[in-house]
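Only one structure is covered here, and it is reproduced in the block below.
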Amino acid sequence: MSRTENIKFSYQEIDDPDELVPSDKELLDMARKAAKNAYAPYSRFKVGAALRLESGKIILGANVENAAFPSGICAERTAISNASSNYPGDKPVALAIAALTGEGYSDEIVSPCGNCRQVIAEEESRYGNNIRIILSSRKKIWIIEKGGDLLPLQFSKDHLRSALR
Ligand code: THU
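Our numbering puts the first residue of the sequence shown at 259, with every later residue one more than the last.
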């Protein structure tokens with residue numbers, strides 16, 4: 259017997275930042291500011307991330323590149339590592355991402371890489387809540403209610419359970 263299974267997820271597309279709820283608008287503005295702090299001499303693709311914690315604190319991140327290319331790190335993971343290290347226990351509830359290129363904020367919506375999706379999914383499983391993801395381009399915004407939706411069939415602690423017994 260065989261079956262075809264489908265995985266679906268929904269996101270909301272918004273045309274104008276002024277249509278965002280104020281907390282999302284604030285987070286997106288912070289991500290756009292954070293992009294200016296990127297160290298991206300190799301790609302010239304400057305990414306900013308703003309992570310809202312349950313307490314209301316907003317933690318910023320930007321990509322930090324390296325001449326040894328794989329040693330670079332994305333904006334999303336710098337923000338999450340910062341929050342995890344400095345505010346353990348304060349759960350992340352929303353993450354906004356924006357990118358700056360030579361021509362201003364990116365034409366295309368920027369979406370987290372696979373590594374960052376895995377790290378976002380771990381934060382959700384660690385704290386047991388959804389992280390609202392706010393993706394942006396110069397012109398549009400996409401809202402995804404749960405970061406884990408970006409990584410179907412994700413590897414998680416459940417897969418390690420038998421090994422840890
Ligand atoms: N990058 C991020 O920081 N976040 C993303 O969501 C996509 C990619 C960085 C990695 C690298 O420094 C540059 O953008 C080009 O890939």
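C-beta: ideal position from N, C-alpha, C; glycine also.
Keep in mind the model is a prediction, meaning the values are calculated, not measured.
Y385 is a Cβ neighbour of K349, given a cutoff of 7 Å. According to the DSSP assignment, I378 belongs to the alpha helix (DSSP H) that extends over 372-385.
DSSP, reduced to helix, strand and coil, places K315 outside both helices and strands of the structure shown, so it counts as coil. Taking the C-beta atoms as reference points, R310 is found no nearer than 7 Å to Y363. When the beta-carbon positions are compared, G372 and A333 stay at least 7 Å from each other. In the three-state reduction of the DSSP assignment, K304 falls in the strand class.
Taking C-beta atoms as the reference points, E380 and G405 fail to come closer than 7 Å. In this structure, A298 has its CB closer than 6 Å to one or more heavy atoms of ligand 1. The beta carbon of V351 lies closer than 6 Å to those of R310, E312 in the same chain, with the five residues before and after it left out. Less than 7 Å separates the beta-carbon of I355 from that of L393. For F303, the distance from the CB to the nearest heavy atom of ligand 1 is below 6 Å. Listed in chain order, the non-local C-beta contacts of A293 below 7 Å within the same chain comprise K304, V305, G306, A320, A356, A357, L358, local neighbours out to five positions each way being set aside. Pairing L418 with I378, the inter-Cα distance amounts to about 18 Å.
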